[in-house]
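Take a look at the structure below.
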Amino acid sequence: MTQPVIPFSLKDAPALIERLLPVQKLSAEAYKEQMAGAGKTLTALGSYWKGRKPLILNKACILGSLLPATGDDARDLEIFEKLMAMDAESFAARWKRALKSEDILAQVAISRITDYFEVEPEGILPISAPVDWSRPEYQSVKVNWRSDISLLERRRLEAQLLPDEPYREWVSQSFRPEEMMDTVHEHIWETVNAHLATNAYSFPELVEQLGIMRFGHRPRLADTFCGSGQIPFEAARLGCNVYASDLNPVACMLTWGAFNIIGGSPESRMNLAKNEGRLIQQADSEIEKMGVEHDGQGWRAKVFLYCFEVRCPQTGWLVPLIPSLVISKPRTGNKINVIAELIPDPKNKRYDIRIRSGVTKKELAAAEAGTIGRESRFGDAYLIHQVNGVPYKTKISTLRGDYQKSDGTTSNRVRRWGKHDFKPQPDDIFQERLYCIQWIRPKKVGRGFDYEFRSVTLEDIKREQKVEQFIQQNLVDWQANGWIPDARIEPGGPPRYEGMSLIRNQGWTYWHHLFNPRQLLIAGLVNQQTDADQKFGFMQLLNYNSRLSRWDVLSGGGGSVKDTFYNQALNVLFSYGCRSFVNCSGFLETKGRSFPLDEKIHTSVQNHPVSSLTENADLFVSDPPYGDAVKYEEILDFFIAWLRKNPPPEFANWIWDSRRSLAIKGEDEDFRRGMVSAYARVTECMPDNGLQVIMFTHQSGSIWADMANIVWASGLQVTAAWYVVTETDSALREGSYVKGTVLLVCRKRLGSHKTTRDDLAWELQEEVEEQVEALTGLNQEAKDLYRDENVFEDADLQMAGYAAALRTLTRYAIIDGRDMTAEAIRPRVKGETTFVDELIAFAVDTANQYLVPQGIAKAHWDRLSGAERFYLKML
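Under our numbering, the first residue of the sequence shown carries the number 32, and numbering increases by one thereafter.
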């Protein structure tokens, strides 16, 4: 008979994450999740949000904050890894290649086969295994598991088939735990319950019971920088009540979608699918009635390719600005190469553009060069073309008429577009031209589509004019109703992030200028017909169908129009792709997996700065902004503009404005003060036995000083720190390689303890020694569990040593008679080393002295200089 859990029995117990965390295994799992790309759980709601932390990392933080450190580190680690599906038996369930009964009998030593398996016909196989299945008499034998064999016993045998390889290799050959969520944990609960004195057979049950044991109720977790909703969603999926907030309404919307769409009930997902189908049918019907995407011969447009066009000041010719004349050279599918060819029209001093398919490799190579060139990759762009064999070259900045004003800033002659502009006026410097259309039609035999690229005809121009006339007639009304933006682009930070480059380079001053007439038509029709749960597909449609959408010539199907936010910036293009409705309707269908949340879970999403927090929570887990890595408070205006005037009722209480002045940003004094204000408020809303986990990317050399200042000034004490690899090398970070996230575990600093720097020295040394010895000891204890791999490597021990030093420092409110809260918040003077900086440097140096790399005798280490130690650690 099971016993009910005892409320508050773990009230003062240290959390497991304060004692240990299997960071090497966690890093391997986090890396695999990040590499899943579009297959990640919440990406379906908005691929434009790039800074998502892995769900498995969030799961580790939440479980680690609730689970107790019992004093038996090896057993605690074993239980935690079972809950994280990191144990060998879980890998038997995660393994992509099915582990068959015949394979077990061929490779595993079993004294009596019939103890585990039913064999038909009986009496043919030997009594014990291994079995040599190559023998002819065994070919007709069928083997099945006995029905009375427990799942745990079965998986223990299956696990013996796993190769003797490092953990990362296991991970690479397996499904992610959440891909097997329905079955991967079935074998663990009896063992978990015996260790924790719980009575749980699911994560919501376990989390509720641990919450009762710690806080007297189901745990409440808050994330006050909820971003894309990764942390709140995982907390709710595990069984926490969740409060999520963010200053940015797009972040709130993504978090709402995580709860209500990905976490919605099967019935709600079915209703959503029906509504999405109805929306697509209605919008498609309206487009078809207009006759602007069909040629009347059974073909429908898939993609329209546009370019800007400019008058060459040297020749007077109107020249299309096309970086490459290659239209298509697909790597897969129908590999027909297509190019655009410029045909001079001397009479009108312009170029006709002819589209040619099936060209030779030589012709394709010649077409790689277009009418835009650069001296170097990041050099100035210039227009280049030939007239009668004579080449002409003009800088784009010259075409714009760039000049320096008296105040030192740069201006130009580009006209600023007005609120009701949606295309260039005849006398604008930059004109816009449709130069190619990709057409598709269903195959006459079989499935799929035929496609072809064509030059633009007079009939195509008439269809363009029809779209332009429709927008001209409806723009004012649609803007008044909020179906098309009427918000100004607000300049902000570095040019590529904000609006200044859009304004300066193209004259675009309102957000709807980033969309051409066809894109405005589709987006306006969809926006006016979508409910809250359909706005996510609408946002994806906007991301993949703007004047900033690149045309990729290498994709299958002849090419594809790519996303605007491929590198978290707003990049003006000389030529771009525009999707027809049939080519972007797929974004309106929710494709993400469903993980229905427990009906007992309560979730809330609010739109406010952290300083306005009024809700209490037991646990706070957050991934705050740091160092302006991505200026979400600026680039997300791209989406905010579309919902600003007419958001659905579910989002109507949020302020549809980025409120940039309230955003925490930068790395300077304002950033530090903003962070202190935020985390001081969070600390006030947390009980004395509550816990915080603060995530930050380890990018800057000053980050330890910054975070220590913030923690100290916020009334917090560091209790642990861990480093987990969470980022992968990509084109988004050219020149940067795998990065990680530091998990800073904190509690309230209770009391007003005092010390002196002299006393600190001894205490720091003892704390660091104790921490490192505990982790190295666990390395030895866990040898069997880890198959001779270390739980912690040298880098993990160093991080733990730093954490121990910070734990000692931040325990004290007063050091050498100085109020550390006041010292931590004191403004920095450039070049000055503050008292806090000195203390942190002292603490880190003390930690470094004790952190002896494996293979070096401590006596020898003690004789080395600081520079020599640093060099050896870098090896």
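All C-beta atoms, glycine included, are put in the ideal place defined by N, C-alpha and C. These numbers were taken from a predicted model, which means no experiment stands behind them.
Flag this pair as yes or no: are the beta carbons of residue i and residue j separated by less than 8 Å?
| i | j | result |
| --- | --- | --- |
| Val-661 | Gln-571 | no |
| Leu-775 | Val-749 | yes |
| Val-150 | Ile-144 | yes |
| Asn-558 | Phe-569 | yes |
| Ala-874 | Leu-840 | yes |
| Gln-462 | Phe-339 | yes |
| Tyr-754 | Val-54 | yes |
| Ile-292 | Phe-264 | no |
| Val-350 | Ile-358 | no |
| Leu-193 | Ala-119 | yes |
| Asn-272 | Arg-251 | yes |
| Ala-59 | Arg-207 | no |
| Ala-834 | Leu-795 | no |
| Lys-631 | Tyr-541 | no |
| Phe-605 | Leu-352 | yes |
| Ser-653 | Phe-256 | yes |
| Arg-464 | Gly-538 | no |
| Leu-52 | Gly-95 | yes |
| Ala-289 | Gly-260 | yes |
| Met-284 | Phe-727 | no |
By Cβ distance below 7 Å, which residues in the same chain neighbour residue i in space, the five residues on each side in sequence not counted?
| i | result |
| --- | --- |
| Cys-777 | Gln-723, Ile-725, Val-742, Leu-747, Gln-748, Val-749 and Thr-750 |
| Glu-209 | Thr-72 and Leu-86 |
| Leu-573 | Ala-554, Phe-670 and Trp-673 |
| Val-498 | Val-323, Pro-548, Arg-549 and Leu-552 |
What three-state label does DSSP hand residue i in the structure shown?
| i | result |
| --- | --- |
| Asn-224 | helix |
| Thr-841 | helix |
| Glu-236 | helix |
| Pro-375 | strand |
| Lys-179 | With the sequence shown as reference, residue 179 is identified as Asp, and Lys is not the correct amino acid for it. DSSP places Asp-179 in coil when its eight states are reduced to three. |
| Gly-588 | coil |
| Met-717 | coil |
| Ile-37 | coil |
| Gln-637 | strand |
| Glu-869 | helix |
| Pro-99 | strand |
| His-325 | strand |
| Leu-774 | strand |
Go to residue i, then tell me how far its alpha helix (DSSP H) extends in each direction, as first and last residue.
| i | result |
| --- | --- |
| Met-117 | Unbroken run through Met-117: none, as it is neither H nor E. |
| Asn-810 | 788-812 |
| Arg-971 | Look at the range of the chain in this structure, 32 to 906, and you will see that residue 971 is not part of it. |
| Leu-533 | 531-537 |
| Ser-259 | Run containing Ser-259: none; DSSP gives neither H nor E here. |
| Arg-857 | Premise fails: Arg-857 is in no alpha helix (DSSP H) and is neither H nor E. |
| Lys-593 | Element bounds for Lys-593: n/a, residue is neither H nor E. |
| Gly-568 | 566-574 |
Measure the beta-carbon distance from residue i to residue j and round it to whole angstroms, keeping in mind my assumption that it falls under 8 Å.
| i | j | result |
| --- | --- | --- |
| Tyr-466 | Ala-398 | Going by Cβ atoms, the distance from Tyr-466 to Ala-398 rounds to 13 Å, so no, they are not a contact pair. |
| Tyr-460 | Val-476 | Checking the sequence, you will find Ile at residue 460 rather than Tyr. At roughly 50 Å, the Cβ-Cβ gap does not stay under 8 Å, so Ile-460 and Val-476 are not in contact. |
| Ala-332 | Ile-468 | 5 Å |
| Ala-911 | Thr-214 | What is shown of the chain runs 32 to 906, which leaves residue 911 out entirely. |
| Lys-779 | Thr-852 | Not confirmed; about 13 Å, so no contact. |
| Arg-690 | Asn-740 | Wrong, their Cβ atoms sit about 25 Å apart, outside the cutoff. |
| Ala-91 | Leu-57 | 5 Å |
| Val-773 | Ser-745 | At roughly 17 Å, the Cβ-Cβ gap does not stay under 8 Å, so Val-773 and Ser-745 are not in contact. |
| Leu-585 | Pro-361 | 6 Å |
Excluding the 5 residues flanking residue i on each side, which residues of the same chain have their C-beta closer than 6 Å to its C-beta?
| i | result |
| --- | --- |
| Arg-764 | Only weak support is given to the placement of Arg-764: the predicted model assigns it a pLDDT of 41, under 50, and the value that follows is read from those uncertain coordinates. So no residue of the chain qualifies. |
| Asn-536 | Val-603 |
| Tyr-79 | Asn-574 and Phe-596 |
| Ser-486 | Arg-385 and Ile-386 |
| Tyr-843 | His-784 and Thr-786 |
| Trp-514 | Gly-555, Asn-558 and Gln-559 |
| Leu-29 | This structure leaves residue 29 out entirely; the chain is present only between 32 and 906. |
Leaving out the 5 sequence neighbours to the left and right, which residues in its chain are closer than 8 Å to residue i when beta-carbon positions are compared?
| i | result |
| --- | --- |
| Pro-344 | Thr-425, Thr-429 and Leu-430 |
| Leu-41 | Pro-99, Leu-241, Met-244 and Arg-245 |
| Glu-5 | For the chain, the structure presents residues 32 to 906; residue 5 sits outside this window and is missing. |
Within the continuous beta strand (DSSP E) that includes residue i, where are the two ends?
| i | result |
| --- | --- |
| Gln-417 | 412-418 |
| Asp-315 | No beta strand (DSSP E) holds Asp-315; the alpha helix (DSSP H) holding it covers 297-321. |
| Gln-138 | No beta strand (DSSP E) contains Gln-138, which is instead part of the alpha helix (DSSP H) from 132-138. |
Is residue i close to the ligand SAM? I mean its beta-carbon at under 7 Å from any heavy atom of the ligand.
| i | result |
| --- | --- |
| Trp-542 | This structure lacks the ligand SAM; in fact it carries no ligand of any kind. |
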